[in-house]
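This report refers to the structure that appears directly beneath it.
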Amino acid sequence: MGKVQLGEFEEIVLLTVAVLFDEAYGVAIKREIEERLGRSVSVGALQSALRRMETKGFLKSRLGEATQVRGGKRKRFFTVTPYGKQALTEVRDARLQLWQSIPKVAFDF
Amino acid sequence: MNKQIPPHWAQRFFHWFCHPAYYEDLAGDLAELYDERVQELGVRKAQWKYVRDVMLLFRPSIIRPIYTYSTLIQPAMIRNYLKVSLRNLWKYKSYALLNIFGLAIGIAAAIVLFLIVRYEQSFDTFHAEHERVYRIGEGMVAEGEDGMHWATRNPVVPTLIEEIPEVISGTRFFAPDHVRMQYQDKVVNPLVHYADSGFVELFDFKLLAGSLAQTLKTPNHIVLAQSVAERFFGRDKAVGKTLEVITREQRFTVGAVLADPPENSSLQFEALLPWDNAPDWIEPEDWASQFMTGYVKLAGSVKPSALSEKLSKFKDQHFQSERLDDIQMKLLPLAELRAEETKNGPIITLLSIIAAITLIIASVNFMNLATAQSLLRTREIGLRKAIGSRRSQLVAQFLTESVVTCFFALIIGILLVHLVLPYFNRHFDLMLTFRYWQNLPLLGTLLAIGLLIGLLSGAYPATFVSRLSPVNSLKGHNKFKASGRLFQRGLIVVQYAASILLIAGTLVIWRQVQFMKSQDLNFVEENVVAFSLWYDNYDFQSEEQAKSAIKTMIDRLENESVITAITFGDKMPGRYRYFTSNFRDSESPTKEPVNLRWMMVGDEYFETLGMDLVAGHTFSKELPSDSNAVIINETAAKALGWSDDQDKFLINGEGEHLPVAGIVRDYHYESLQKRIEPMLHYYYPGDEYYYGELAVRLQPDRTAEGLEVLESAYQSLEPFEPFSYYFLDEEFDKMYRTQERLGLTASLFAGITVVLASLGLLGLAAFATRQRRKEVGVRKVLGASVGQIIVLLSQSFAGLVIIAFVVSCPLVYFGANQFLQDFAYRISLGADVFLIAGIIAFVIAGISVSLQAFRAASVNPVHLLRDE
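Those protein sequence lines, which keep their order, are chains A and B. Residue numbering for the first sequence follows the working numbering, starting at 1 and increasing by one per position. Residue numbering for the second sequence follows the working numbering, starting at 110 and increasing by one per position.
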């Protein structure tokens, strides 16, 4: 552990990108998180998390085709890189390990 | 689709700060969200949320990095700007030359003046704690600052330290006598000051060897300045050696060696002796005489104003004087000592103002010329714009050009300074140095000034020409807007007003100097030579011996045919030093005493110098009653309220009754800057008293012969010092040297501003005639003569100079009056000063404009109308 640094919000964003697979662009990610987790996400926070993870190498992006909507501006689609996947797995494993180590009595209220 | 769009400013703001690589998709996201929200929440809420999102996106990971901030600051473009700038300079060579030299002259002038000002202000500030050091002075309350004499009484400094806790240290600093020293066979007459040990705490002269504090505490020890130490001991160690002080018949041991006081120190000395060794005649408890300089250091942040009450109490308690209430004690900050001693404070202010004006005029000109010239390039600008140059890039191009030109000007200006500085130092007796390589702040300031002038003066043409629309500029339409023209003309008016001001200032200064020099001094100052007759300057065993030797010399001189008259006095007119005392009128001894200046004069003083008596008789050896008689001047008689001298007596401080022998017509014993004050002459018959100065009237036209006679007579006294004499008339002329220098400076800079202003006008005229080329062509075709066209083109400029004249008149009036206020005897300010200055400015402007106009008018109209 400790090799990858992944914040809680980053983890959620990364997972959402994976969920959306080929359709993960800014607005879609935002919508997905808001729907699934029931919390509001600001464009600023989301975008800076995306750019940050892209520089870290957890994500890669490509520009889509121009469409009539959204003022003719293209979308930027994000996909999770293998490195991103590894980070996610590591975080999950760490969590799992912790869960498994909890003695039964601890939650026995 | 909703037609509503997000707030425009928010979009622009986002575009401005967003990283270009992210901009497209982020803007798309924002737009998509906005559309969605408009449908869900309505326009208002969607707009608000859009703004909120933009604001929240304003964070480091999204904002564009600084280095791609602008396309202007890319290395490749900078190279391009520079290259084009140099090409343009080369292309318009004559214009560039004019421009660079104009600015260079301005810069050089400003630098020289800056150096002068800095030199004057560097005085006495090299002492680390100079801000806490003050010189003690006193003066008449009624006379305010002008009446201050920065001298004090012997016990003041020690008593101040003792009684006023804020005064933590201090020293007396006084050179009362001529001191002659000997070491083996070497004899030196150094300038010796006596000082207290507090000297160490007040001043930071560089210590080279020994201990300064210890030496000044120990009697019979001496501190030498490096140059004197080298004259005595060469390269040998000086500390510990013993010198013979011949004049005191005492031996002193060298305790410390100091570096020579720097040029910019008001305190100059070649040796220091402990105060314990001060001559006996300086009595420790003499509270009555004020003759020495004293300095004190105040604690921490104590301001002298906070001490005024304590000083007043101190004065009341100790001073021995009849009119204590009229006297005030004051402290003069060390940094102001130089200005106080040379009285050149106003000159320094004036020079700083002139420096600023010159620099401004030069930059304004530069701007004017650059604007005018940039209009020749409208086609280039149009083309640049047409092929996609942005306005900001054009601005950058023009700014680069003006900065490059400015730097050329800066370099030439610096070279000019190096050229003229030796000349300046020689003529103004200065020791200016211009070493910027070792002085990083100075170098930085120079570069910053170059950059600043470049940017400021390039700013107007840059914004102006970059605003031209490409279509118009390609067509060749480049009419100035009225506002631009107004601006340029305003600049010309300012320049000419400044030139007229300086020309008039020069005239006023020169006239005042000439007036003072030509004014009748009310005595015959020509052909009078004087030299010092202090007998401790000569190698005599006793005073008696000295007197008899001097007597012999004078008898010898009296027999010379080249000498028509001889007299003595402690100081001759022109070198008068202040001594004042209070005197009472014997008829009304209870009345307030009158404060009179006094001097001592020998036999035939009034006759030799050709002074007239309005009443009474001159001193006579034959009349025994004259032995303690006095002669006063008219002003003194007026102050005493006398109309004649019949049986008048004055009572001095000791209560002696002095008969008044006569009243002398007021004569000038000081510079005409100062009013003739009440003066009293004591009489000392020659055979009793030989000291002070000997003055001799020579036969006219036999000056050289007379000087030879005097020198050989002087040498017969076996003097220690070479024969040094002065002519009274020259001495008076010398007094006006400050004003003459001021006049010289003013005329020099008047010349420079006139040249600069003409350059500016030349540029503007060139531009204006270019604007009206076609008009000139048409007029010529229709039969206008060259003369008519010159008049036509010059008219508007004549108007400008007239406006400048009107603007400058009140300034000249105010400034000249301000300057003349300083002189007790002054010229009246005539209208001719204004007229002459105005006409000079007008003629010079006329020449520079009509040259341009003539060039335009004499061109064949075919060339002017060709492109129609």
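Built from N, CA and C at the ideal position, the CB exists for glycine as well. Treat the numbers as computed from the prediction; the structure is a model and nothing was measured.
Of all Cβ atoms in chain A, is any one closer than 7 Å to the Cβ of residue i?
i	result
residue 149 of chain B	no
residue 146 of chain B	no
residue 119 of chain B	no
residue 958 of chain B	no
residue 177 of chain B	Per-residue confidence for residue 177 of chain B stands at a pLDDT of 48, beneath the threshold of 50, marking its modelled position as unreliable; no derived number is given.
residue 556 of chain B	no
residue 170 of chain B	yes
residue 206 of chain B	no
residue 140 of chain B	yes
For residue i, count neighbouring Cβ atoms within 10 angstroms of its own Cβ and tell me buried if that reaches 16, exposed if not.
i	result
residue 540 of chain B	exposed
residue 118 of chain B	exposed
residue 383 of chain B	buried
residue 532 of chain B	exposed
residue 63 of chain B	Coverage of chain B is limited to positions 110 through 977, which leaves residue 63 of chain B absent and any answer about it impossible.
residue 75 of chain A	buried
residue 429 of chain B	exposed
residue 527 of chain B	exposed
residue 611 of chain B	buried
residue 876 of chain B	buried
residue 187 of chain B	exposed
residue 700 of chain B	exposed
residue 694 of chain B	buried
residue 473 of chain B	buried
residue 839 of chain B	exposed
For a cutoff of 7 Å on Cβ pairs, would you count residue i as touching chain B?
i	result
residue 71 of chain A	yes
residue 40 of chain A	no
residue 27 of chain A	yes
residue 75 of chain A	yes
residue 95 of chain A	no
residue 101 of chain A	no
residue 51 of chain A	yes
DSSP has residue i in a bridge; who is on the other side?
i	result
residue 693 of chain B	B/760
residue 742 of chain B	B/773
residue 291 of chain B	B/296 and B/353
residue 204 of chain B	Residue 204 of chain B is not bridged to any residue.
residue 390 of chain B	According to DSSP, residue 390 of chain B bridges with nothing at all.
residue 127 of chain B	B/172
residue 362 of chain B	B/330 and B/351
residue 677 of chain B	B/803
residue 212 of chain B	Bridge partners of residue 212 of chain B: none, in fact.
For residue i, I'd like the list of residues in its chain whose CB is within less than 7 Å of its CB, leaving aside the five on either flank, ordered along the chain.
i	result
residue 28 of chain A	20
residue 597 of chain B	477, 480 and 873
residue 719 of chain B	632 and 633
residue 73 of chain B	Nothing can be reported for residue 73 of chain B: it is not among the residues displayed for chain B, which extend from 110 to 977.
residue 641 of chain B	802
residue 870 of chain B	601, 906, 954, 957 and 958
residue 848 of chain B	618, 621 and 622
Closer than 8 Å by beta-carbon distance: list the chain E residues that pair up with residue i, in chain order.
i	result
residue 165 of chain B	Checking the listed chains, one finds no chain E in this structure; the protein chains it contains are A and B.
For residue i, collect the residues of the same chain with a Cβ closer than 8 Å to its Cβ; drop the 5 residues on either side in sequence, then sort them by chain order.
i	result
residue 40 of chain A	34
residue 591 of chain B	Note that residue 591 of chain B scores a pLDDT of 49, beneath 50, so its modelled location is shaky; the value from the coordinates is reported in the next line. Cβ within range, chain order: n/a, list empty.
residue 744 of chain B	775, 785, 786, 787 and 788
residue 859 of chain B	608, 611, 612, 614 and 615
Closer than 6 Å by C-beta to residue i: which residues in its own chain qualify, once you throw out the five before and the five after it? Chain order, please.
i	result
residue 779 of chain B	685
residue 229 of chain B	457
residue 334 of chain B	367, 369 and 379
residue 443 of chain B	233, 239 and 242
residue 494 of chain B	579
residue 17 of chain A	24, 78 and 80
residue 273 of chain B	419
For a test of your reading of the model: does the CB of residue i fall under 6 Å from any non-hydrogen atom of the ligand MN? Yes or no.
i	result
residue 173 of chain B	Only the bare structure without any ligand can be found here, which leaves the ligand MN out of the picture.
Could you name each continuous beta strand (DSSP E) segment of 3 residues or more that falls completely within the stretch 805-886 of chain B, going from the start of the chain to the end? 834-836
Can you list, in chain order, the stretches of the alpha helix (DSSP H) that have 4 or more residues and sit fully within the stretch 553-587 of chain B? 579-584
At 3 residues or longer, and completely inside the stretch 373-432 of chain B: list those beta strand (DSSP E) runs for me, N to C. 380-383 and 399-407
Could you tell me which whole alpha helix (DSSP H) segments of length 4 or greater appear in the stretch 924-952 of chain B? none
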